[in-house]
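2 protein chains.
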Amino acid sequence: MSVAANRKTRQRDALRAVFEQSDRPLSVPELFDRASRTIEGLGMATVYRAINAFVEEGWLEAVDIPGEPSRYERGGKGHHHHFQCRRCERVYDVGGCIENVRKLAPARFRVQDHALTLYGVCATCSR
Amino acid sequence: MSVAANRKTRQRDALRAVFEQSDRPLSVPELFDRASRTIEGLGMATVYRAINAFVEEGWLEAVDIPGEPSRYERGGKGHHHHFQCRRCERVYDVGGCIENVRKLAPARFRVQDHALTLYGVCATCSR
DNA sequence: TTATTATTGATAATAGAATATCAATATCGT
DNA sequence: ACGATATTGATATTCTATTATCAATAATAA
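See the structure below:
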């Protein structure tokens, strides 16, 4: 389980490029499919290894939706939330945030963070 | 995978009782442990079978927190959200809701529902 | 009480996601 | 160009959560 990621390789370059060209979090299969267009014979293990390395260095961050396997997106975007389309299952970023979150918690509960997921139909699927 | 649940049994009675006495969603291990106090030799399979039956009839509802196995709570509570303690991992209900959720989504995204999870330290753990 | 059959419990099996293994290959400093 | 070794890809394995199997048991109607 080493995660050095020192050398520059075709596969990691391709995987990075996929994220740089994507405006939304990607699942592992999505990432694998897209990178495979560039790297034929790309292995799943390589994809997972790269993800772990990227997450470790902060270049990627995991996006977790209830009941779903992790998606990943570029790190350092700051606080934001996500939307999942019920038709295509894709996950999108939503900017902005909500207020008065702390007030919801019962007395003496210390609120440190929160995660909000919106569900519905995305622009692509609703047309 | 039959889920009839017709006959009245000690184990299902005990499992129901656990939920009736709990004020928060329970994980499968939590449910198993508590019901085992009443029913010695209770089997895991029985717990899962009961959960499925209860969910199917609406008596229970699944509570899904990102990256966590499902918890379960009594159904029909109406719209509410959840809090997870980072110390003890337990999940609690939080009443009330947030506003302006729809406004967060990008244009032409239809928002149908949302899920909010608060994270922090519960009253029990913070003392 | 008895017969029928739903239910249980122990355990094997499955499913999905992710990691470990290892020989072959590619990268990079010299 | 060479050598050390990081990385890759194929595949086996692990892990966690959950379901299937099946003989034994218990619940209910008659």
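Respectively, the protein sequence lines represent chains W and X.
Residue numbering for the first sequence follows my numbering, beginning at 6 and increasing consecutively.
Residue numbering for the second sequence follows my numbering, beginning at 6 and increasing consecutively.
Beta carbons: idealized from backbone N, C-alpha and C, even for Gly.
Is there at least one Cβ from chain W nearer than 7 Å to residue i's Cβ?
i: X:C127; result: yes
i: X:I56; result: no
i: X:P74; result: no
i: X:P71; result: yes
i: X:D118; result: yes
i: X:V60; result: no
i: X:L109; result: yes
i: X:S131; result: yes
i: X:V52; result: no
i: X:F24; result: no
In the DSSP output, which residue or residues are listed as bridge partners for residue i?
i: X:G125; result: W:V116 and X:C90
i: X:R29; result: DSSP lists no partner for X:R29.
i: X:D18; result: According to DSSP, X:D18 bridges with nothing at all.
i: X:E104; result: Answer is none; X:E104 lacks a bridge partner.
i: W:V96; result: W:Q89
i: X:R79; result: X:L65
I want to see whether chain X comes within less than 7 Å of residue i, judged by CB atoms only; does it?
i: W:A103; result: A quick correction: the sequence has Ile, not Ala, at residue 103 of chain W. Interface residue, yes.
i: W:V8; result: Note that W:V8 scores a pLDDT of 44, beneath 50, so its modelled location is shaky; the value from the coordinates is reported in the next line. Chain X contact via Cβ: absent.
i: W:I122; result: According to the sequence shown, residue 122 of chain W is Thr rather than Ile. At least one chain X Cβ lies under 7 Å of W:T122.
i: W:R113; result: yes
i: W:V96; result: no
i: W:V99; result: yes
Does the Cβ-Cβ distance between residue i and residue j come in under 7 Å?
i: W:H86; j: W:L121; result: yes
i: X:D18; j: W:Y124; result: no
i: X:C127; j: X:C102; result: no
i: X:L65; j: X:G83; result: no
i: X:A55; j: X:L31; result: no
i: W:F88; j: W:Y77; result: no
i: W:G51; j: W:Q26; result: One detail in the question is off: residue 51 of chain W reads as Thr in this sequence, not Gly. No, the Cβ-Cβ distance between W:T51 and W:Q26 is not below 7 Å.
i: W:R115; j: X:S131; result: yes
i: X:A40; j: X:V23; result: yes
i: X:V68; j: W:L109; result: no
i: W:P111; j: X:P71; result: no
Could you tell me if the beta carbon of residue i falls within a distance shorter than 6 Å of some heavy atom in the ligand FAD?
i: W:A22; result: For the ligand FAD, the structure offers nothing, since it holds no ligand at all.
At 4 residues or longer, and completely inside the region 35-75 of chain X: list those alpha helix (DSSP H) runs for me, N to C. Within the region 35-75 of chain X, the complete alpha helix (DSSP H) runs of at least 4 residues are 49-61.
Chain X contacts made by the region 32-44 of chain W, where a contact means CB separation under 8 Å: Within the region 32-44 of chain W, no residue has a Cβ that lies closer than 8 Å to any Cβ of chain X.
Could you list the residues in the region 77-88 of chain X with a C-beta less than 7 Å from some C-beta on chain W, going in chain order? Answer set for the region 77-88 of chain X: H86 and F88.
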